[in-house]
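*Asks:*
In this note's numbering, the protein residues as written are 142 to 586.
Okay, here's the thing in structure tokens:
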């Protein structure tokens with residue numbers, strides 16, 4: 142099989158292609174407190190550095206946004222914020238910000254374990270929420286946020302910004318148009334390895350000046366601080382209590398076009414073929430097998446979807462289907478009854494075999510600014526394409542993989558309506574966790 146001829150579409154990176162355009166997707170109604178189109182949106186950020194800074198910078202670029210406040214537990218990460226937004230208030234505790242300020246919208250761009258507590262607290266105050274992926278740390282949290290936002294008709298958006306990019310929108314459209322027929326199976330992967338098989342350091346380090354360790358821990362159990370990046374600022378993704386591993390970090394991104402293209406709902410089972418996490422950190426090199434009910438875009442019966450990370454990749458017989466086409470470092474392969482699609486992360490999808498699809502006229506799907514789409518919806522102009530009504534079920538599917546890794550080589554049967562595993566009762570202990578004393582959040586804990 143020869144390599145496919147390049148498509149004649151724009152291959153610019155996402156952050157350039159996502160700066161304008163109209164969005165398509167499921168309707169999320171604007172909230173009761175949404176501003177009329179002519180008004181400014183008062184916006185606050187939870188988090189001042191890293192991804193929070195990226196989110197805030199994009200949102201603040203909207204001409205109708207006024208940044209009023211930020212909350213960050215690490216004062217060392219607020220210097221750039223203070224310089225760019227000198228009139229905005231700065232807090233360490235997110236609860237104080239919500240008690241003293243009344244923003245119209247917020248972005249929740251903290252470590253995973255605080256997504257749900259902060260997001261729910263904002264929603265309960267009638268505030269529209271842009272929440273980073275994964276939507277929450279645990280399955281129960283995801284369901285509760287999704288239900289609450291829907292009930293109150295608040296505007297929401299999850300931070301899977303590639304969802305609004307031309308590349309992912311095109312992949313979804315091509316499947317919906319039947320370009321490769323009905324989908325028989327899907328394989329999706331990431332080369333990242335947010336896990337740690339080593340020993341936990343046997344030391345307690347001084348808490349850095351400016352970091353409020355108690356606030357950083359938030360809903361999680363108290364413990365001593367360990368420095369050299371064990372937790373803060375970067376490696377919390379590896380830790381069971383704070384992050385969600387590679388599948389939580391990248392699964393919501395890379396699984397997104399597969400989830401949307403196949404119109405998937407909730408899986409009926411999930412099985413991990415990789416190693417279990419240790420007492421403190423997620424494992425690496427995961428292989429997680431999902432079985433979903435068939436949809437109008439798949440062959441009848443059930444549809445298998447397999448996730449791989451670290452060094453793991455689809456088996457040789459799957460890789461053979463793409464011939465000389467390079468395997469992306471991160472991406473997906475959809476196997477249809479009429480052809481195969483490779484969805485790189487992030488580049489235009491590739492249709493195979495080459496000789497069948499060469500010269501095919503591709504639909505114009507446009508592109509959108511994921512952040513501005515959220516603000517426009519808050520103002521009553523349009524709707525979001527990755528609101529919690531869509532990204533909640535997507536996140537639940539991803540997080541089921543984290544539970545499965547705790548029970549290697551065991552098929553877990555899932556009842557989505559009951560939010561419970563039906564055949565391995567022990568697995569239900571990982572659907573919902575307890576928050577530590579003093580951090581109770583109504584509707585969550």
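Just so you know, even glycine gets a beta-carbon here, dropped at the ideal spot from N, CA and C. It should be emphasised that the depicted structure is a prediction, and the values quoted were computed from it without experimental measurement.
With the cut-off set at 8 Å, would you say residue 413 and residue 555 are in Cβ contact?
*Replies:* In the chain shown, counting from the first residue as 1, residue 413 sits at position 272. In the chain shown, counting from the first residue as 1, residue 555 sits at position 414. The answer is no: Cβ separation not under 8 Å.
*Asks:* Looking at C-beta atoms only, is the number of pairs between the segment 474-491 and the segment 297-308 that lie closer than 8 Å three or more?
*Replies:* These segments touch.
*Asks:* Below 8 Å on the Cβ atoms is my guess for residue 313 versus residue 435; work out the distance and round it to an integer in Å.
*Replies:* Mapped onto the chain shown, residue 313 falls at position 172. Mapped onto the chain shown, residue 435 falls at position 294. Actually they are not in contact, since the Cβ atoms of residue 313 and residue 435 sit about 18 Å apart, beyond 8 Å.
*Asks:* Between which two residues does the alpha helix (DSSP H) carrying residue 321 extend?
*Replies:* By 1-based counting over the chain shown, the position of residue 321 is 180. Taken as a continuous stretch (DSSP letters only), residue 321 belongs to no alpha helix (DSSP H), as it is neither H nor E.
*Asks:* Within a Cβ cutoff of 7 Å, which residues of the same chain sit near residue 424, ignoring the five residues on either side of it in sequence?
*Replies:* In the chain shown, the residue the question calls residue 424 occupies position 283. Around residue 424: 336, 338, 415, 416, 417, 418 and 546.
*Asks:* Could you check where the alpha helix (DSSP H) with residue 395 kicks off and where it finishes?
*Replies:* Translated into the one-based positions of the chain shown, residue 395 becomes position 254. 386-403 is the extent of the alpha helix (DSSP H) around residue 395.
*Asks:* Using the Cα positions of residue 472 and residue 197, report the straight-line distance between them to the nearest angstrom.
*Replies:* As a first step, residue 472 must be located in the chain shown, where it is residue number 331. As a first step, residue 197 must be located in the chain shown, where it is residue number 56. Rounded to the nearest angstrom, the two C-alpha atoms are 27 Å apart.
*Asks:* Give a yes or no on whether the C-beta atoms belonging to residue 325 and residue 466 are separated by under 8 Å.
*Replies:* As a position in the chain shown, residue 325 is number 184, starting the count at 1. As a position in the chain shown, residue 466 is number 325, starting the count at 1. No; because the gap between Cβ atoms is not below 8 Å, this pair is not in contact.
*Asks:* Going by CA-CA distance only, name the one from 365, 332, 330 and 352 that's closest to residue 346.
*Replies:* Position 205 of the chain shown, counting from 1, holds the residue named residue 346. Considering only alpha carbons, the answer is 365.
*Asks:* Among 522, 229, 241 and 279, whose alpha-carbon lies nearest the alpha-carbon of residue 389?
*Replies:* Reading the chain shown from its first residue, position 248 is the one you call residue 389. Among 522, 229, 241 and 279, the Cα nearest to that of residue 389 belongs to 279.
*Asks:* Which whole runs of the alpha helix (DSSP H) in the segment 510-574 are 4 residues long or more, in chain order?
*Replies:* Those alpha helix (DSSP H) runs which fall completely within the segment 510-574 and span 4+ residues are 511-519 and 529-545.
*Asks:* Given a cut-off of 8 Å, decide if residue 207 and residue 237 are closer than it, judged by their beta-carbon atoms.
*Replies:* Residue numbering aside, residue 237 sits at position 96 when the chain shown is read from its first letter. Residue numbering aside, residue 207 sits at position 66 when the chain shown is read from its first letter. Cβ distance not < 8 Å, so residue 237 and residue 207 don't count as in contact.
*Asks:* Using alpha carbons as the reference points, say which of 420, 329 and 494 lies closest to residue 452.
*Replies:* On the chain shown, position 311 is the one that residue 452 refers to. For residue 452, the nearest C-alpha among the options comes from 329.
*Asks:* Can you give the beta carbon distance from residue 494 to residue 480, rounded, assuming they're within the 8 Å contact cut?
*Replies:* On the chain shown, position 353 is the one that residue 494 refers to. On the chain shown, position 339 is the one that residue 480 refers to. With a Cβ gap of about 7 Å, residue 494 and residue 480 count as contacting.
*Asks:* With residue 237 as the anchor, note down where its alpha helix (DSSP H) starts and where it stops.
*Replies:* As a first step, residue 237 is located in the chain shown; it is residue number 96 there, counting from the start. That run of the alpha helix (DSSP H) goes 235-241.
*Asks:* Do you know how far the Cα of residue 256 is from the Cα of residue 244?
*Replies:* The residue labelled residue 244 in the question sits at position 103 within the chain shown. The residue labelled residue 256 in the question sits at position 115 within the chain shown. One C-alpha to the other measures close to 18 Å.
*Asks:* Looking at the structure shown, is residue 381 part of a helix, part of a strand, or coil, going by DSSP?
*Replies:* Position 240 of the chain shown holds residue 381. Coil at residue 381, not helix or strand.
*Asks:* Count the other CB atoms, across all protein chains shown, that sit within 10 Å of the CB of residue 537; report buried if there are 16 or more and exposed otherwise.
*Replies:* Here residue 537 corresponds to residue number 396 of the chain shown, with the count starting at 1. With 16 or more Cβ atoms within 10 Å of its Cβ, residue 537 is classed as buried.
*Asks:* In chain order, what residues of the same chain have a beta carbon less than 6 Å from the beta carbon of residue 327, not counting five sequence neighbours either side?
*Replies:* Numbered from its first residue, the chain shown carries residue 327 at position 186. Hits under 6 Å: 399, 446 and 475.
*Asks:* Note down the Cα distance separating residue 321 from residue 455, rounded to an integer number of angstroms.
*Replies:* In the chain shown, residue 321 corresponds to position 180, counting from 1. In the chain shown, residue 455 corresponds to position 314, counting from 1. Answer to the nearest angstrom: the Cα atoms are 19 Å apart.
*Asks:* Name, in chain order, the residues that DSSP records as bridge partners for residue 299.
*Replies:* What you label residue 299 is simply residue 158 of the chain shown in a count that begins at 1. 272, per the DSSP bridge assignment.
*Asks:* Which value, in whole angstroms, describes the spacing of the CA atoms of residue 516 and residue 267?
*Replies:* One-based indexing of the chain shown puts residue 516 at position 375. One-based indexing of the chain shown puts residue 267 at position 126. Taking the straight line from one Cα to the other gives about 15 Å.
*Asks:* Please name the residue or residues paired with residue 207 in a DSSP beta bridge.
*Replies:* Position 66 of the chain shown, counted from the first residue, corresponds to residue 207. 183.
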